[in-house]
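The letter at position 153 of the sequence shown is residue 233 when you use my numbering, and the numbering goes up by one with no holes.
Here a beta-carbon is modelled for each residue, glycine too, at the ideal position from N, C-alpha and C.
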Amino acid sequence: MIAEDEIDFSSGMYGLPPGGLRLDGKTAVVTGASSNIGLSIALGMAQAGADVIMVARGAERLAKAAEAVRGAEPKRRIVACPADVSTVEGVTAVAGAVEAEFGMADALVNCAFASGKAGIPADLKILEIPDEMFNETYQTNVLGTYRLIKALFHGHVDAERPASIVNVVSGSGLLPVPVIHNTAYGASKAALWMMTRYLAVNLAPLIRVNALCPGNVSATGQPHTETARKMMSQIPMGRVGKPGEMAGAAVYLASDASSFTTGAMLVCNGGRDW
Ligand SMILES: NC(=O)c1ccc[n+]([C@@H]2O[C@H](COP(=O)([O-])OP(=O)(O)OC[C@H]3O[C@@H](n4cnc5c(N)ncnc54)[C@H](OP(=O)(O)O)[C@@H]3O)[C@@H](O)[C@H]2O)c1
81 MIAEDEIDFS
91 SGMYGLPPGG
101 LRLDGKTAVV
111 TGASSNIGLS
121 IALGMAQAGA
131 DVIMVARGAE
141 RLAKAAEAVR
151 GAEPKRRIVA
161 CPADVSTVEG
171 VTAVAGAVEA
181 EFGMADALVN
191 CAFASGKAGI
201 PADLKILEIP
211 DEMFNETYQT
221 NVLGTYRLIK
231 ALFHGHVDAE
241 RPASIVNVVS
251 GSGLLPVPVI
261 HNTAYGASKA
271 ALWMMTRYLA
281 VNLAPLIRVN
291 ALCPGNVSAT
301 GQPHTETARK
311 MMSQIPMGRV
321 GKPGEMAGAA
331 VYLASDASSF
341 TTGAMLVCNG
351 GRDW
């Protein structure tokens with residue numbers, strides 16, 4: 081037993097690292113920030129002290145979302161950047177906004193995604209998936225994410241500036257769910273997870289790269305699809321997640337509280353076995 085007067089915390093070896101779970105003075109970029117999980121993460125970043133660049137395609141919905149975050153956290157600078165991250169132009173626009181407004185980013189959360197499901201017939205067969213589903217999902221979820229990381233962080237190593245990247249993956253990328261429509265989406269999320277690991281290995285120690293894997297998350301408290309409803313019995317916590325329950329995980333991964341964590345996946349799925 082160590083006597084209380086022998087304990088010395090001045091070395092910084094114990095407790096939360098400096099900065100802890102706070103993001104004060106940092107700039108966070110959140111894509112997919114106009115809805116559900118991305119919106120919640122943008123608010124969480126601002127609540128933790130970060131200035132935030134919020135990205136989504138639809139300018140009107142994004143402006144409303146940014147206004148709401150600004151209203152909740154008036155001391156933070158909240159910038160709405162309408163852009164399509166699946167395109168080179170969109171990525172260039174985000175990088176330009178970051179440079180013009182803040183210089184460099186300290187954190188990036190890649191939450192924007194494509195499911196490729198629009199216009200696809202309900203009776204899709206596993207060997208009849210159109211190329212567009214793969215093109216769309218990979219263009220946004222994998223290539224767009226990579227391009228954005230490259231555009232925002234290429235200067236960090238020379239500048240010796242640390243950063244944290246969080247890629248939002250999915251259970252559909254870890255095991256096949258009983259939805260043929262999720263094939264390309266799931267494969268793209270599996271690719272995103274492996275890309276996360278390659279980036280983590282090769283950008284360490286300066287830039288940490290982790291994945292956040294949400295379970296079924298909806299702001300209504302109800303499963304958002306019929307399949308999700310059928311899978312409710314597989315969730316030990318017996319409910320869907322709230323968007324706010326993803327924000328804490330993203331803030332943790334973006335902050336110095338996770339300073340020895342890279343190449344990891346933080347699963348927030350109510351206890352499902354993936
Ligand atoms: N919700 C879940 O249960 C769940 C489960 C597992 C994983 N996830 C993952 O969590 C993330 C967020 O899911 P969510 O349910 O919160 O999504 P959501 O409510 O559908 O919101 C998607 C967001 O991404 C934006 N977006 C889509 N394509 C974009 C593009 N090309 N460029 C820029 N922004 C784009 C959308 O705005 P615009 O349409 O205006 O661009 C919107 O802000 C996704 O990566 C998803 O795979 C979600």
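With respect to 7 Å, is the separation between the Cβ of P294 and the closest non-hydrogen atom of ligand 1 below this value? Taking the first residue of the sequence shown as position 1, residue 294 is located at position 214. Checking every heavy atom of ligand 1 against the Cβ of P294, one is found closer than 7 Å.
Beta carbon of A334 nearer than 8 Å to that of A108: For the purposes of this step, residue 334 is identified with residue 254 of the sequence shown, where counting begins at 1. For the purposes of this step, residue 108 is identified with residue 28 of the sequence shown, where counting begins at 1. For A334 and A108, yes; Cβs fall inside 8 Å.
Alpha carbon to alpha carbon, how far is L103 from P201? Along the sequence shown, one-based indexing puts residue 103 at 23. Along the sequence shown, one-based indexing puts residue 201 at 121. In a straight line, the C-alpha of L103 is about 44 Å away from that of P201.
Completely contained alpha helix (DSSP H) runs for the segment 209-281, where each covers 4 or more residues: 211-218, 225-233, 236-239
Close beta carbons around A177, own chain, < 7 Å, minus the five adjacent residues each side: By one-based count along the sequence shown, residue 177 stands at place 97. Excluding residues within five positions, the ones whose Cβ falls inside 7 Å are I133, V159, C161.
Report yes if the C-beta distance between A264 and F214 is below 8 Å; otherwise report no. Here residue 264 refers to the residue found at position 184 of the sequence shown. Here residue 214 refers to the residue found at position 134 of the sequence shown. Yes. Within cutoff.
Own chain partners of R241 with C-beta closer than 7 Å, once the 5 adjacent residues on each side are dropped: Mapped onto the sequence shown, residue 241 falls at position 161. Correct list, in chain order: M184.
Three-state secondary structure (DSSP) of V165: Translated into positions along the sequence shown, residue 165 becomes position 85. Of the three classes helix, strand and coil, the one that applies to V165 here is coil, per DSSP.
Going by beta carbon distance, what residues of the same chain come within less than 6 Å of N296, once the five residues before and after it are set aside? In the sequence shown, counting from the first residue as 1, residue 296 sits at position 216. The residues are P303, A308, V320.
For R288, which residues does DSSP report across the bridge? Counting from one through the sequence shown, the residue named residue 288 turns up at place 208. Note: R288 sits in a beta bridge opposite S244.
L333 lies in the beta strand (DSSP E); which residues open and close that run? Here residue 333 refers to the residue found at position 253 when the sequence shown is read from its first residue. Note, L333: premise wrong, no beta strand (DSSP E); alpha helix (DSSP H) at 324-334.
Return helix, strand or coil for I121, following the three-state DSSP convention. The count along the sequence shown starts at 1 and reaches residue 121 at position 41. In the structure shown, I121 sits in a helix (DSSP, three-state: H, G or I).
Can you tell me which of the three DSSP states N116 falls into? Stepping through the sequence shown from its first residue, residue 116 is reached at position 36. Helix at N116.
Alpha carbon of H236 to alpha carbon of L207, nearest angstrom: Locating residue 236 in the sequence shown gives position 156, counting from the first residue. Locating residue 207 in the sequence shown gives position 127, counting from the first residue. Approximately 43 Å between the Cα atoms of the pair.
Would you call L123 buried or exposed, if buried means 16 or more other Cβ atoms sit within 10 Å of its Cβ? For the purposes of this step, residue 123 is taken as the residue at position 43 of the sequence shown. Counting Cβ neighbours within 10 Å, L123 comes out buried, since at least 16 surround it.
Any idea if Q234 is buried or exposed, counting beta-carbon neighbours within 10 angstroms, 16 or more meaning buried? Mapped onto the sequence shown, residue 234 falls at position 154. In the sequence as presented, Gln is not what sits at residue 234; that position holds His. That one is exposed.
I need the DSSP call for A187, collapsed to helix, strand or coil. Here residue 187 corresponds to residue number 107 of the sequence shown, with the count starting at 1. Of the three classes helix, strand and coil, the one that applies to A187 here is strand, per DSSP.
My output table needs one value for V320: the three-state DSSP class, helix, strand or coil. As a first step, residue 320 must be located in the sequence shown, where it is residue number 240. DSSP places V320 in coil when its eight states are reduced to three.
Do the CB positions of A337 and P97 come within less than 8 Å of each other? For this step, residue 337 is matched to residue 257 along the sequence shown. For this step, residue 97 is matched to residue 17 along the sequence shown. Against a cut-off of 8 Å, the Cβ pair of P97 and A337 comes out as a contact.
P285 to F340, Cα distance in whole Å? One-based indexing of the sequence shown puts residue 285 at position 205. One-based indexing of the sequence shown puts residue 340 at position 260. The straight-line gap from Cα to Cα measures roughly 9 Å.
Any chance the CB of G209 is under 7 Å from a heavy atom of ligand 1? In the sequence shown, residue 209 corresponds to position 129, counting from 1. At residue 209 the sequence reads Ile, which differs from the Gly that was named. Outside the cutoff, so no.
Quick one, are the C-beta atoms of N247 and N190 less than 8 Å apart? Along the sequence shown, read from residue 1 onward, the residue named residue 247 stands at position 167. Along the sequence shown, read from residue 1 onward, the residue named residue 190 stands at position 110. Result yes, Cβ atoms of N247 and N190 sit closer than 8 Å.
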